[in-house]
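Trainee: If you scroll down you'll find the structure; I have some questions about it.
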Ligand SMILES: Cc1ncc(COP(=O)(O)O)c(C=O)c1O
């Protein structure tokens, strides 16, 4: 399904003109297509049909209540990495048995919250965390279902080294060489039940080799730990499915599905996967208005009302996002598309060829639904923008634009000073 199409010379999201959304909700705004999210969920679900499976959407990619409700209604479960994400998942109606809790640095408070919530699995990333979890579970009179997130130490080929997590020396997961010993410890500890091995080798993966090699290592280790007494019920292959931002190909889901279902079937367990970007990146765009055009030396600038505070990916990851004029004019120019933030690193695109653009025009920054709004900030005292969901011919603001009051809500005008 194509969520964004040009009709009568103007860009639409499903059946709604983006110009109407800009008029009704203002700019900048994130705009999501519910139809695209559902379509991508169904396609991945079908690709995993070869094994019993559950898809746990990685909420970190986009934690908007509107997005979560579309995915939950489609039959998706969720993966969270903080107490805040657990709170958001519960508020959006996910049942405890639909929640995986991961993260490399869970605090004691977060572990207690995950135990109290009785989530499906807590994915543990170190021996120290395992021991703490067992102690907290003992104090709380619980036995906790755990997975071990293993770093399989495979070669990760992907878009940016900030997005690789499964190579030797990375901070994430238990190094594969230590995983058996920590697995045996988990079997011995009375308040944890070791039920899964988990990996997440990186995001925006260029090749499925890392899934093939990583899951093979998890299968071998699961068999060893099962023989040692673990009740292994799941294999968690993580997230990382890539999406095209430019002219790349869509991933071949049949190939991916065959790799990960074969691994789960080799163990006779339920397959868990944790994709985030795959569902939401292409379902969303950032709608921004051109404020000014400007020439500086040889450079042309298109200055917009959105920048790095709304979409950090171009400056943080050197990421490419296709930019399209909502109602293109004749002509052509090559320009840096920048925001209003007081940083030279504040840009949406560099040296980008665009149609003729005038101040007041609307631009759509595509493939912005993942790691967009969630990474936005209030830097330069910029209120966070609105999020809009489109479903067929209807649209709604699912997250209100912040106000100036929101910028100062937590500041104390009369601090309570304490003595040292
Ligand atoms: C543990 C874990 N699972 C899943 C994901 C989702 O990755 P992606 O959005 O690339 O699918 C991430 C992303 O960082 C992650 O850290």
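In this note's numbering, the protein residues as written are -6 to 413. Built from N, CA and C at the ideal position, the CB exists for glycine as well. Since we're looking at a predicted model, the values are computed, not measured.
Please report the residue range of the alpha helix (DSSP H) in which residue 258 lies.
Mentor: 246 to 260 is the span of the alpha helix (DSSP H), which, as asked, contains residue 258.
Trainee: Can you round the beta-carbon distance between residue 278 and residue 379 to whole angstroms, since I take them to be within the 8 Å contact cut?
Mentor: Not confirmed; about 13 Å, so no contact.
Trainee: Classify residue 87 as helix, strand or coil using the three-state DSSP reduction.
Mentor: Coil, per DSSP.
Trainee: May I ask which residues mark the beginning and end of the beta strand (DSSP E) holding residue 140?
Mentor: That run of the beta strand (DSSP E) goes 137 to 144.
Trainee: Is the beta carbon of residue 74 closer than 8 Å to that of residue 82?
Mentor: Cβ distance not < 8 Å, so residue 82 and residue 74 don't count as in contact.
Trainee: Going by beta carbon distance, what residues of the same chain come within less than 7 Å of residue 120, once the five residues before and after it are set aside?
Mentor: Closer than 7 Å at Cβ, skipping near neighbours: 175, 178.
Trainee: Would you kindly work out how many angstroms separate the C-alpha atoms of residue 239 and residue 313, rounded to a whole number?
Mentor: Roughly 7 Å separates the two Cα atoms.
Trainee: Can you name, in chain order, every residue of its own chain whose Cβ lies under 8 Å from the Cβ of residue 84, other than the five neighbours on each side?
Mentor: The residues are 58.
Trainee: Taking three-plus beta-carbon pairs below 8 Å as touching, is the segment 349 to 367 in contact with the segment 247 to 258?
Mentor: No contact exists between the segment 349 to 367 and the segment 247 to 258.
Trainee: Does ligand 1 have even one heavy atom less than 7 Å from the beta-carbon of residue 5?
Mentor: Checking the Cβ of residue 5 against ligand 1 gives no.
Trainee: Does ligand 1 have even one heavy atom less than 7 Å from the beta-carbon of residue 267?
Mentor: Flag set: Cβ of residue 267 near ligand 1.
Trainee: Taking residue 398 as the reference, which of 383, 389, 376, 391 has the closest Cα?
Mentor: With distances taken between Cα atoms, residue 398 lies closest to 376.
Trainee: Assign residue 80 to buried or exposed, taking buried as 16 or more other Cβ atoms, counted over all protein chains shown, within 10 Å of its Cβ.
Mentor: That one is exposed.
Trainee: The alpha helix (DSSP H) that contains residue 108, what's its start and end?
Mentor: Here the alpha helix (DSSP H) through residue 108 covers 101 to 110.
Trainee: Going by Cα to Cα distance, which pick from 113, 50, 90, 369 is closest to residue 187?
Mentor: Measuring from the Cα of residue 187, the nearest candidate turns out to be 113.
Trainee: Residue 20 and residue 306 - do their beta-carbons sit closer together than 8 Å?
Mentor: Not a contact, by the Cβ cut-off of 8 Å.
Trainee: Among the candidates 395, 383, 405, 390, whose CA atom is the shortest distance from the CA of residue 30?
Mentor: Comparing Cα-Cα distances from residue 30 to each of 395, 383, 405, 390, the minimum goes to 383.
Trainee: What does a CB cutoff of less than 6 Å around residue 250 pick up in its chain, not counting 5 residues either side in sequence?
Mentor: Taken in chain order, the residues that qualify are 40, 41.
Trainee: Might you give, ordered along the chain, the residues of its own chain that have their beta carbon closer than 7 Å to the beta carbon of residue 201, omitting 5 neighbours on each side?
Mentor: The residues are 248, 249, 252.
Trainee: Hey, quick one: how far does the beta strand (DSSP E) through residue 286 stretch, first residue to last?
Mentor: Unbroken beta strand (DSSP E) run through residue 286: 277 to 289.
Trainee: In angstroms with no decimal places, state the Cα-to-Cα distance between residue 125 and residue 161.
Mentor: Between residue 125 and residue 161, the C-alpha separation is close to 25 Å.
Trainee: In angstroms, rounded to a whole number, what distance separates the CA positions of residue 229 and residue 107?
Mentor: Between residue 229 and residue 107, the C-alpha separation is close to 18 Å.
Trainee: Whose C-alpha, out of 138, 381, 341, is nearest the C-alpha of residue 14?
Mentor: Ranking the options by Cα distance to residue 14, first place goes to 381.
Trainee: Could you tell me the distance, in whole angstroms, from the CA atom of residue 319 to the CA atom of residue 332?
Mentor: If I take the Cα positions, the gap works out to 18 Å.
Trainee: Is it buried or exposed, residue 103, if we count other Cβ atoms within 10 angstroms and call 16 or more buried?
Mentor: By the neighbour-count rule (16 or more Cβ atoms within 10 Å), residue 103 is buried.
Trainee: Short check: CB of residue 271 to CB of residue 217, under 8 Å?
Mentor: It is not a contact, given that the beta carbons lie outside the stated cut-off.
Trainee: Going by DSSP in three states, residue 359 sits in which element: helix, strand or coil?
Mentor: Three-state DSSP puts residue 359 in coil, outside helix and strand.
Trainee: What's the call for residue 245, buried or exposed, on a 16-neighbour Cβ count within 10 Å?
Mentor: So residue 245 ends up on the exposed side.
Trainee: Could you give the uninterrupted runs of the alpha helix (DSSP H) lying entirely in the segment 17 to 79, keeping only those of 4 residues or more?
Mentor: Qualifying alpha helix (DSSP H) stretches, in chain order: 27 to 40, 58 to 67.
Trainee: Using a Cβ-Cβ cut-off of 8 Å (strictly less than) and excluding sequence neighbours within five positions of residue 35, which residues of its own chain qualify?
Mentor: Result list for residue 35: 67, in chain order.
Trainee: If you check the beta carbons only, do residue 269 and residue 232 fall under 8 Å apart?
Mentor: Their beta carbons are under 8 Å apart, which means residue 269 touches residue 232 by this criterion.
Trainee: Name the DSSP beta bridge partners of residue 186, please?
Mentor: The partner list for residue 186 (beta bridge, DSSP) reads 138.
Trainee: Can you look up residue 296 in the DSSP assignment and give me helix, strand or coil?
Mentor: Strand at residue 296.
Trainee: When the Cα atoms are used, what is the spatial distance from residue 301 to residue 373?
Mentor: Approximately 11 Å between the Cα atoms of the pair.
Trainee: Does the distance between the C-beta of residue 415 and the nearest non-hydrogen atom of ligand 1 fall short of 7 Å?
Mentor: Examination of residue 415 is not possible in this model, given that the chain is present from -6 through 413 alone.
Trainee: Would you kindly check if the distance between the Cβ of residue 54 and the Cβ of residue 363 is under 8 Å?
Mentor: It is a contact, given that the beta carbons lie within the stated cut-off.
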